[in-house]
Structures are given as structure tokens and as C-alpha cells.
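Written below as C-alpha cells is the structure these notes are about.
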Amino acid sequence: MTDSEMDTQPSDSVQITAQCLCRTHTFSAVVPLASLPLSASCCHCDSCRRVTGALYSSDALWPSTDTAALRALQRYDLFPRSGVAVLFCGTCGSPMFFEEARSTTQGGKAGGDSDKAGGDSGPTYDVFTGVLGDPVRSGAGGLGRAEGRGGDEKEEEKEEEQRAAGDFPPLVRFNGHIFVGDTRDGGAACWLRRMNGTAVAAEGNITQRWLGRRGEKSGEVAGMDYWPPLKELPVPASDEDGVPEDDGDVPIRCHCGGVNLVWRAGRARREFAAAAAAAAGDFEGKVEGSGARPTQLPWFVDPATYKSLGSLDGCNSCRRASGADVFNWTFALVEHIDFASGGSSRFLEDSIALKVAVGAAAGASLGDAGLGTLAFYASSPDVQRYFCSRCSATVFYAVDERPEMLDVAVGLLRAPDGARAENAVSWALGGDIGWRNDMLDGNWREELVKAVEDDAEEWRVARGYPKNWRRFTNDEDNRCSVLETPFFANQGWSGGPAFHWSADGKAILGAIATMCAGPLHDCVDATTTVLAAGMRIGDLVTYGILKWDLGWDEELGFSKSPE
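Right, dumping it as C-alpha cells:
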């Protein structure tokens, strides 16, 4: 569409834009303001998770008949027999569109909206909602802020006023979840029940869910019910359950199989548990002046279960890279990633070596190295976003300054217990999702992020899932907001919480100056079980006085002052 054509569009029209992460591909369509919001659907089927790396895909009918430019995208035939393909950027891997052959029976790739079926003989195109930016007024402002060209200042000010007043309709309305049954454990659907906002849901208009195709009444989840029912889910693990003795391997495999790796999650948990036990013993026996420090667990390891953190991420880059508005990561040490084929070959020693190997191969097969179709896009000079160059699936996220670890796309985990892989992953639920500010300040996703946070907390409480150890909250009653473990705490008066061991084997925050100067903290025992979560500073000091003599420095041999 030319500038002159856009300048002639009526003022009650808006331009919507789809753009990949690297900005090689940008597609725009002008639609009447009254046609918003676009109707979107979320699919949780195995194929959609494995072709995106997310726990679900979400897409809406692309409102433009001018689709010739889409041929510049890479194509992956997701369902060849039914004519469904994924169109993605070959440079950064962003999935941008589903191409679907029209059907007079099913409608959509998975029995979706019926208005996609029938009619013209050509295919339809559904845009991944994660690559959509905010709509802008078309007309005199031209492309406006969407392309950084800057329209009329007064027009932009008026548009901002309309946004603030709520006069600008949301870009997307999510009308349902399909194939939730494929997840086995409910996947992300448990925290996506009210995707259009909690206020809308309060009126009874929640995001419907089906275990299979849309409209299958026998497979519809009623109202705000959970699926599976909470009583059918395993009891959340605790530190008392111990670490399983089985191998606990979790395959990491994309849809096409070009990326075929394995996460040695069971081995990782056993090693972390052993390291924690040794560190606790070492910490208890330290004396002043030894200069020694207990072994630290990686920051992403749950100190109670030794599982890896599972996160909800709302950052702009992750949504564009995956096509999903809220992405999910877990984390692993590189030493716990291996080739699925086994044999004598070992995976790369760190993310730097991985970057060199994949870069040298330019996404082609490395034969014995087993990296297959793995490719990466450097979204920053020190950041690599790995994806499958054949089917587009997001795989890893790596940063040069932490070469020992990788962020792993949860959607590629083929865990036997379900899509959330809870035998290996400890989910951070409730509280703020990561990079939430990218979804706020007038963004059309603002209601989505708030609804996801509320839903995640409701599900956590209803299920009895423990509050994540890395969750930092500023509760209204000003109770404790920080929890650290002996593995992360500094000894002495370091400016951070300092844990010291009492005669009965308990640990307490000993740095009174730290307590008085900073936010509130939890007390923990040697196994990092919370003893006094929610204690106020005064309560905590009283607890310390009653528990044991505050002259811990002479009694236990700890230093009060930093080295």
C-alpha cells in the first residue's frame, strides 16, 4: 500500500501491522475502526506447541486480500494433507501467518472459526497475534508511529487522548481455546481463562475452552472450571518428597524433528540436591577468617525441590520471536543438555561454543555434532535466540555473560507428565509476569497481562501450589517481600540478608542493620523451608531474641563486618 493510498483512507479506519523480530518483514492492513477487535483463537495442540516453542499458538484472520507479499516468507507445511502451513521469517524465525486451504467442513486449521470456511477457492491467512503491534489511525497521519515516520502532532495527541479515555477499541478479542486435551495437564489454559480482561470475565464472558475442536459440546470446559479437575492433578511436590531415582530425561524436540535434544532434568535435580546438602554442611561448619563460601545453587533452581524455574514472559522480543503474546521459559545448565541420539558425542561445553558451532554451520546439519536445523538470530550483540530453521520453533535463548546456561522453550519439552513438565519445572505463578511493562501503557495487551497474573494466582492458590521462592511481592499489609537462601546470602554485614545457624540447626536472618534498613525478609531453616513467612520486622527481631542469643558472632564464629 502506497503513502498516497493510505492518505485517502477514511479517518474512522485504523492500520494494523504485523512485524517479525528482526523487522525484515512488515505487513500492514487498513480496516474500519468498527471492525475491531479482531477475533482470535488459541490452540494448545501438540503441533502448535512444537512449531512455536510456546505453550499455545494464537491467531486471527488477517483482514487483507493483498497477500502476494507473504510469499517472501519461509514456508513450513504443518499439516500437508489439509493444506496448513506456517509462514515465518527465515532470518529471525518469527512465525507470522498460518496459511490455510479453505474447507467447507472443518473451518480453520483445527476446527476454528466457521467464517474462515467456504467462499473463495484461495487460501486464508491467519496472523499470529504475537507479531501484531498497536493499531494506529490511518489517513492524514500516514503510517504514523507504527513505522516511525511521525504524523501530525495534533492528530497523535488526539489519538493518545482517545486511548486514555478508552475510546480506542482493543485490537484483539480472544474467543476460545481449542485442543486443550492434548496438553494432558491443562498447559497454559489454566492461567488464560480470562484473556480479554477480568472485568469482561466478571460479566460471564470468559474465554471458552474445548478439549478438542471448537463446538464439541462433550469436550467443552464449563465456565471457570479447571481442566483437568484439580483433584486429578498430582499434589505439588515438596522438599520432603525427595528427588526421583529415575533418569528424568525430558526430550527437547521441535515439530519437524530437525532439533532433537534431551534435557537431563532428573540428573540435574540429583546433582543440585547433592550440592545443596554438601553446601549446607560446609556452611554450618565455617569459621571466621576461613575465606570459604558454600557452593551456590544456580539462581533458577528451586532450593526445596531442585527443579528449574518456569516463567511467564511478556517481553516484546519473546512474543515477536514466538508469535505468542505470553511466552514460557525454563532454564538449564548447558552441561545438562545432550544429544538425543546418545553415543560418545557430547553437547557443546557452553553457549559460546554453541554460538560458534551453529554460526559456522549456518543452520545446516553438523552430522555427528547433532545440531541439525538449529539456527540463531542475534537480537543484541551478546544475545542469541535459537530457532529451528525448517519449522520456525523457538528453542533457546542465550546471553554471552552467562555462558553456562540456556533458557529453554517449554513448548518443545515432550515431558510424559504434560505440557507444563511439572516433574522438572517449578512454576513462578502469581505476582508480576516478566517484562510486564512491555504490555502496559496503552498497549492493547494491557488487560491481558493483568488477567494472566490474576488467573495464575487463583490457580496457584486453588491447587495448593507453593508460592515460588523467587517471587518478590509488595503486599498491601507491608509483610515480607524477600526470601533468600544460604546459597545466595552473603556472610556478615554485607548489605544483603545474612543467614546464621543456631544451636538447633535453624537459620535466621542475623543482620539486624539489614533488617531495619531494607524490606522485610523471611526466616528459613537449613532446608530453606519458610518458618515465618509474612513476619514483620518487629516480629522477626523478637523471634530472634527468643530463639537464641544475638551474640552469634562470638558463639558461632561469624564475622559482623564485610571483608
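Residue numbering for the sequence shown follows the UniProt record's numbering, beginning at 1 and increasing consecutively. Here a beta-carbon is modelled for each residue, glycine too, at the ideal position from N, C-alpha and C. Computed from a predicted model, the values in this text were never measured in an experiment.
Report task. Along the beta strand (DSSP E) that carries residue 312, what are the first and last residues, could you check? Result -> 308-313
**Report entry** Cβ neighbour criterion (16 or more within 10 Å) applied to residue 196
**Finding:** buried
**Report entry** DSSP state of residue 213 mapped onto helix, strand, coil
**Finding:** coil
Query raised in the report: For the beta strand (DSSP E) that contains residue 427, what are its first and last residues?
Result: 425-427
Query - alpha helix (DSSP H) segment containing residue 576, residue limits - result: Residue coverage of the chain in this structure runs from 1 to 563, which leaves residue 576 outside it and unanswerable.
Requested in this report: Write down the C-beta distance between residue 36 and residue 132 rounded to the nearest angstrom, noting that I regard them as a contact closer than 8 Å.
Outcome: About 12 Å separates the two Cβ atoms, so there is no contact after all.
Query raised in the report: With a CB to CB cut of under 7 Å and the five nearest residues on each side skipped, what residues in its chain are close to residue 412?
Result: 50, 53, 252, 253, 254, 393 and 395
Query raised in the report: Are residue 125 and residue 186 touching if we call contact CB-CB under 8 Å?
Result: no
Query raised in the report: From 375, 378, 266 and 359, pick the residue whose C-alpha is nearest to that of residue 337; which is it?
Result: 266
Query - Whole-angstrom distance between residue 274 and residue 72, CA atom to CA atom - result: 52 Å
**Report entry** Start and end residues, alpha helix (DSSP H) containing residue 373
**Finding:** It is not in any alpha helix (DSSP H) - residue 373 carries neither H nor E in the DSSP assignment.
Query raised in the report: For residue 81, which residues of its own chain have a beta-carbon under 6 Å away from its beta-carbon, when the five flanking residues on both sides are left out?
Result: none
Report task. Kindly indicate which residue of 43, 74, 317 and 122 has the alpha-carbon position closest to the one of residue 212. Result -> 43
Query - Whole-angstrom distance between residue 430 and residue 536, CA atom to CA atom - result: Unreliable placement is indicated for residue 536, whose pLDDT of 37 sits below 50; no coordinate value is reported for it.
Query raised in the report: What are the partner residues of residue 29, as DSSP defines its beta bridges?
Result: 16
**Report entry** Distance CB(residue 387)-CB(residue 375) smaller than 8 Å
**Finding:** yes
Report task. Whole angstroms is fine: what's the gap from residue 62's alpha carbon to residue 169's? Result -> 17 Å
Query raised in the report: Ends of the alpha helix (DSSP H) at residue 46?
Result: 46-52
Query raised in the report: Are the CB atoms of residue 410 and residue 328 nearer to each other than 8 Å?
Result: yes
Report task. Enumerate in chain order the residues of its own chain whose CB-to-CB distance from residue 597 is below 6 Å, with the five nearest sequence positions on each side excluded. Result -> Within the shown structure, residues of the chain are numbered from 1 to 563, placing residue 597 beyond reach of any answer.
Requested in this report: Hey, could you find the ends of the alpha helix (DSSP H) residue 40 is sitting in?
Outcome: Where residue 40 is concerned, there is no enclosing alpha helix (DSSP H), although the beta strand (DSSP E) it sits in stretches over 38-43.
Query raised in the report: Taking the alpha carbon of residue 228 as the point to measure from, which residue in 268, 263 and 182 has its own alpha carbon closest?
Result: 182
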